[in-house]
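Scroll down for the structure; my scribbles are underneath it.
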Ligand SMILES: [Zn+2]
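Numbering (my numbering), first residue to last: 2 to 72.
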């Protein structure tokens, strides 16, 4: 009987912790981690790596700068 009470307390504690943590970790919140920034070879502006335009001589902030630098 003593172990049954301990088990109930443990389950209740885990349930309570999950209830408390839920507002801190909403699944709908978009990820906002740090992005890797790269510098444009033409103008030096830093842009996120995902938005950078890769070129033969480096990465660029836009297609226009890639063409101006390489063309
Ligand atoms: Zn640029």
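Here a beta-carbon is modelled for each residue, glycine too, at the ideal position from N, C-alpha and C.
Asked, Found
"I'd like the span of the alpha helix (DSSP H) that includes residue 70, first residue to last.", "64 to 71"
"I want to check one thing, is the minimum distance from the CB of residue 43 to the heavy atoms of ligand 1 below 7 Å?", "yes"
"Taking buried to mean at least 16 other C-beta atoms within 10 Å of its own C-beta, is residue 41 buried or exposed?", "buried"
"Could you tell me which residues DSSP puts in a beta bridge with residue 47?", "40"
"So residue 20 is in the alpha helix (DSSP H); what residue range does that whole segment cover?", "3 to 22"
"Following the continuous beta strand (DSSP E) through residue 55, name the residue where it begins and the one where it ends.", "54 to 56"
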